[in-house]
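Protein chains in written order, with the working numbering: chain A, 1 to 195; chain B, 196 to 390.
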DNA sequence: GTCTATACATCGATAGAC
DNA sequence: GTCTATCGATGTATAGAC
C-alpha cells in the first residue's frame, strides 16, 4: 500500500468525519489493511492528519499569491483568482470541507501564525484595499468583504449534499463547476464594484 | 442543576468540539457534575444533542419565514432579513457554528426532509426569484445566489477566532455586530441588485 | 509491511447506594 | 439528583511473529 494512497484515503476520511470522528481503525479499514499496519506508516494520528491535510491546503495559499500578484488590472486579477479557487476546490472535493473544519476546530493550520487561513485572508484584504486605492473597486470595509468572499467560495463546496440539492446533480461535476465559476465570478465582481 | 442550564452547556460544547469531540464526560465536567448524573437527565447522547441543538436552530427557520413574508417591498424585506439573521447569530455565539457543523456532518437536522437548512435555502431562493420576477432584483441564478448569501451570513460568525483576527476585538461584541450588520446588508443588497 | 495480540485510556451507558 | 463502581466496546498506540 503506497504512502500517497494512504494519505488520500485519510484525507477523505478526515473531510467526511472530522478529526475526532475519523478513527485510525476506520481509516485502516477503508485502506483494506489493519490498524497496526497504518500505525507502521504513520506513528501518530496527529502526524497523519497534518501530512494528509497539509498537502490539500498548501496549494490554496499559493493560488492566492499567484493570482493576486501579476501586472494585470485589479478586476482581471480578481476574476482570475475566483476562477482558480473555484477550479481547485471543484477538482479536490475534500479541500473546502477540510478547510472549514480547520476553521471550526481551530486546527493546527490555523493556530500557527504563518499558515494558510490567516495569511490568505490578509492577502485578500490587502488586495481589495489596493484595488480600492487604485479606484477600480468601490470603497468599502475590506475586512468584512474579504471574509464574505472567502465564505462564499468555501461554503458552496463544503456543503456538498446541501448545495447539490439546490442545483441538480453533484457539485463536483464539470458542468456544475463551470456554472459555479460563472456565478461566483459575477457575484464577487458585483460585490467589489457595486454600491 | 436545572435542565436548561445543562442544555446550554451541552450546546456550547457541541459547538466548540463537534458531536464526536464533545463527550458526555466532558459536558458533565463543564457542568460541575459527574457523567452518570448527566445521563440521569438525558438517557442518550444523541437525545441531548438533538434537544440542545434543535433549540438553537429552530428560531432560524422562523426568522426567515417572518422576514421573507410581509407586505413590504422585496428590498426592504431583504434588508430586514439580513439584520434579523445577523442579530440572532450575533446574540447566540454557538448558533452559526452548530449550523455549519450540521451541514458538514449531514446531521439529524439536515437528513430530515422538513428541517431548517434545506427549507431555509429553498425559502431564500424562492424569495430571490420572486424579487427578480417583480423587477426589484437583477435577473441571476437564484440557486447560486441563495447559497452565497447563506454562506456569507454563517461563515463570519462560525469562524469566530479567524474573523475576530481580521476585525479588532470579538465578533460578538455589540459594536462589531452592528458593524457586521451594516456591512452584510450592504453586500447582500449589492449582490441582488447589481450586475 | 502486514499481521495477531495486547496495553491502557476513554467512550456511551447502567446498577445501585445515599 | 448525584454519587461510586462497573460493563462492554472502542480509542490511540506498542510488542513481536512472519
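Note that the Cβ used here is the ideal one computed from N, Cα and C, for glycine as well.
- Near chain A, meaning a CB-to-CB distance below 8 Å, the residues of the region 353-387 of chain B are 353, 354, 356, 357, 358, 360, 361, 362, 374, 375, 378, 379, 381, 382, 384, 385, 386.
- For the region 247-281 of chain B, the beta-carbon criterion of a distance under 8 Å to any beta-carbon of chain A is satisfied by none of its residues.
- Ranking 49(A), 86(A), 55(A), 133(A) by CA distance to the CA of residue 67(A) puts 86(A) first.
- Closer than 8 Å to the CB of residue 156(A) there is at least one CB belonging to chain B.
- Three or more Cβ pairs closer than 8 Å define a contact, and the region 347-367 of chain B meets that threshold against the region 132-151 of chain A.
- A Cβ-Cβ separation of about 16 Å leaves residue 256(B) out of contact with residue 295(B) under the 8 Å criterion.
- In terms of Cα proximity to residue 41(A), the closest of 194(A), 16(A), 24(A), 117(A) is 24(A).
- The three-state secondary structure of residue 362(B), taken from DSSP, is coil.
- The beta carbon of residue 209(B) lies closer than 7 Å to those of 217, 244, 247, 248, 293 in the same chain, with the five residues before and after it left out.
- A direct Cα-to-Cα measurement between residue 34(A) and residue 28(A) gives close to 6 Å.
- Not flagged as an interface residue toward chain B: residue 48(A), since no C-beta distance is shorter than 8 Å.
- In this structure residue 189(A) is not in contact with residue 81(A), their Cβ atoms being roughly 11 Å apart against a cut-off of 8 Å.
- Comparing alpha-carbon positions, the option among 65(A), 105(A), 90(A) lying closest to residue 353(B) turns out to be 105(A).
- Closest in alpha carbon position to residue 283(B), among 252(B), 199(B), 297(B), is 252(B).
- For residue 341(B), the C-beta contacts it makes with chain A under 8 Å involve 166, in order along the chain.
- Contact between residue 138(A) and residue 194(A) holds: CB atoms are separated by about 6 Å, below the 8 Å threshold.
- By the Cβ neighbour-count rule, residue 160(A) is buried, with 16 or more other Cβ atoms within 10 Å of its own.
- What residue 118(A) touches in chain B, judged by beta-carbon distance under 8 Å, is 357, 360, going in chain order.
- By the rule that beta-carbons nearer than 8 Å mark a contact, residue 90(A) does not touch chain B.
- Separation of residue 307(B) and residue 313(B) (C-alpha to C-alpha, rounded to the nearest whole angstrom) is 9 Å.
- Around residue 319(B), the same chain offers 341 as residues with beta carbons nearer than 6 Å, after the five sequence neighbours per side are excluded.
- Between residue 20(A) and residue 326(B), the gap from beta carbon to beta carbon reaches 8 Å or more.
- Non-local C-beta neighbours of residue 170(A) in its own chain, meaning closer than 7 Å and more than five positions away in sequence, comprise 164, 176, ordered along the chain.
- Residue 369(B) and residue 273(B) have their C-alpha atoms some 22 Å from each other.
- Counting only Cβ-Cβ distances below 7 Å, residue 301(B) has contacts in chain A at 161, in chain order.
- At the C-beta level, residue 94(A) and residue 11(A) come within 8 Å of one another.
- Residues of chain A whose Cβ lies closer than 9 Å to the Cβ of residue 216(B) are, in chain order, 18, 19, 20, 21, 105.
- Distance from the CA atom of residue 192(A) to the CA atom of residue 128(A), rounded to whole angstroms, is 8 Å.
- For residue 296(B), the uninterrupted alpha helix (DSSP H) segment begins and ends at 290-300.
- When the alpha-carbon of residue 166(A) is set against those of 382(B), 363(B), 337(B), 357(B), the nearest one is in 337(B).
- According to the DSSP assignment, residue 215(B) belongs to the alpha helix (DSSP H) that extends over 198-216.
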